[in-house]
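Chains as they are written, first to last, in the working numbering: chain W, 7 to 176; chain Z, 203 to 360. Ideal placement from N, C-alpha and C gives every residue a C-beta, glycine not left out. Here the structure comes first, spelled out in structure tokens, and everything after it is commentary.
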């Protein structure tokens, strides 16, 4: 019994030692004023627009770090009330992709709030996006579902995206 | 008489060459996949478009757009990611990341089955301008199923 207790204490001590030695830091990066353009004529139903982006992570968090994971913490889409009233939207889906990574869904709001110009998406909690942000560039695909046609007026939606980066010293 | 025969022969040869050119060019044109297609069960229509160098297919019409249990537009209720289960099925990208390999073949993509929330490896083959073979499989192509999709707006030859 004494032997078991001794080994248990030793194991606990080692576990604490190891966890303390790999400290994980957190950095939040916000991408604002990301424009998604929908050119007229726009037909009711699902539409799609893409924004190509890149982040220099070494500039954001410095050198000598290892990225553990990247999560999309917040995503919000702002509509321009003159071209798309908030009640002309039914839903918005957000996806991320790159030339060498698959396209995956990372956020959605369904239904949108008809009285609000700022739509806050529910973001996916279990997708590690480090491969996308570490690449040369990545793209965000916005898929809004419009209720009414817009034959002559183009529509622009503007996005703000907050990424959380967990990293450790190498 | 001989002149007429020669002219007819030349015309037929020219027509044959034109036909071959269009057939070959469709097979070697990745954008031949673009357009709206309907699976054999007629339950949905899928619009295939391009982002960068890859091809993607979105559901743009559903035969039964509403969930009979809720009366609301169908959503991705079987998605393994709980936070994304409110994603509407109309507009859903069920075909993703296809790369054109030549000879009327698109590979390296996946097809999503909203009935069970599973993704499958997939290969697309252009049988003719208005017909696709979509084969979803697990692991190797042998373990899969092929469905024939028809283009919604028929492309005229010539």
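{"Asked": "When DSSP builds the beta bridges, which residues end up paired with residue 275/Z?", "Found": "268/Z"}
{"Asked": "Using a Cβ-Cβ cutoff of 8 Å, what residues of the region 130-159 of chain W are near chain Z? List them in chain order.", "Found": "130, 131, 132, 133, 145, 147, 149 and 151"}
{"Asked": "Under three-state DSSP, which class holds residue 109/W?", "Found": "strand"}
{"Asked": "Using a Cβ-Cβ cut-off of less than 7 Å, give me the residues of the region 104-118 of chain W that come near chain Z, in sequence order.", "Found": "105, 108, 109, 111, 114 and 116"}
{"Asked": "Distance check for residue 49/W and residue 157/W, CA to CA, integer angstroms please.", "Found": "7 Å"}
{"Asked": "Check residue 101/W in the structure and name its three-state DSSP category.", "Found": "strand"}
{"Asked": "Identify the residues that DSSP records as bridge partners of residue 55/W: which are they?", "Found": "148/W"}
{"Asked": "Residues of chain Z with CB closer than 9 Å to the CB of residue 51/W, please, in chain order.", "Found": "262, 263, 292 and 293"}
{"Asked": "If you pair each beta-carbon of the region 102-122 of chain W with each one of the region 280-299 of chain Z, do three or more pairs fall below 8 Å?", "Found": "yes"}
{"Asked": "Got a sec: is the Cβ-Cβ distance from residue 298/Z to anything in chain W below 8 Å?", "Found": "yes"}
{"Asked": "Compare the beta carbon distance of residue 242/Z and residue 350/Z with 8 Å and say whether it is the shorter of the two.", "Found": "yes"}
{"Asked": "DSSP on residue 167/W, reduced to helix/strand/coil?", "Found": "strand"}
{"Asked": "Between 120/W, 63/W, 17/W and 54/W, which has its C-alpha nearest residue 160/W's C-alpha?", "Found": "54/W"}
{"Asked": "When DSSP labels each residue in this structure, what does residue 206/Z get in the three-state scheme?", "Found": "helix"}
{"Asked": "Can you tell me where the alpha helix (DSSP H) with residue 66/W in it begins and where it stops?", "Found": "63-67"}
{"Asked": "Can you tell me whether DSSP reads residue 419/Z as helix, strand or coil?", "Found": "This structure does not reach residue 419/Z, given that chain Z is present from 203 up to 360, and the question cannot be answered."}
{"Asked": "For residue 145/W, which residues from the same chain have a beta carbon less than 8 Å from its beta carbon, with the 5 sequence-adjacent residues on both sides left out?", "Found": "56, 57, 58, 59, 102, 103 and 104"}
{"Asked": "Residues of the region 28-61 of chain W in Cβ contact with chain Z at a cutoff of 9 Å, in chain order, please.", "Found": "51, 52, 53, 54, 56 and 58"}
{"Asked": "Please state the DSSP three-state secondary structure of residue 153/W.", "Found": "coil"}
{"Asked": "Determine the DSSP secondary structure at residue 285/Z, reduced to helix, strand or coil.", "Found": "helix"}
{"Asked": "Among residues of its own chain, excluding the 5 on either side of residue 312/Z, which ones have a beta-carbon nearer than 8 Å to its beta-carbon?", "Found": "297, 298, 299, 321, 322, 323 and 324"}
{"Asked": "Excluding the five sequence neighbours on either side, which residues of its own chain have a C-beta within less than 7 Å of the C-beta of residue 209/Z, listed in chain order?", "Found": "none"}
{"Asked": "With DSSP run on the structure shown, which of helix, strand or coil describes residue 335/Z?", "Found": "strand"}
{"Asked": "Return the residue from the list 303/Z, 280/Z, 291/Z and 259/Z that minimises the CA-CA distance to residue 267/Z.", "Found": "291/Z"}
{"Asked": "Might you give, ordered along the chain, the residues of its own chain that have their beta carbon closer than 8 Å to the beta carbon of residue 333/Z, omitting 5 neighbours on each side?", "Found": "350, 351, 352 and 353"}
{"Asked": "Relative to the alpha-carbon of residue 82/W, which residue among 137/W, 171/W, 9/W and 150/W has its alpha-carbon at the smallest distance?", "Found": "150/W"}
{"Asked": "Go ahead and label residue 130/W buried or exposed: buried means 16 or more other beta carbons lie within 10 angstroms of its beta carbon, across all protein chains shown.", "Found": "buried"}
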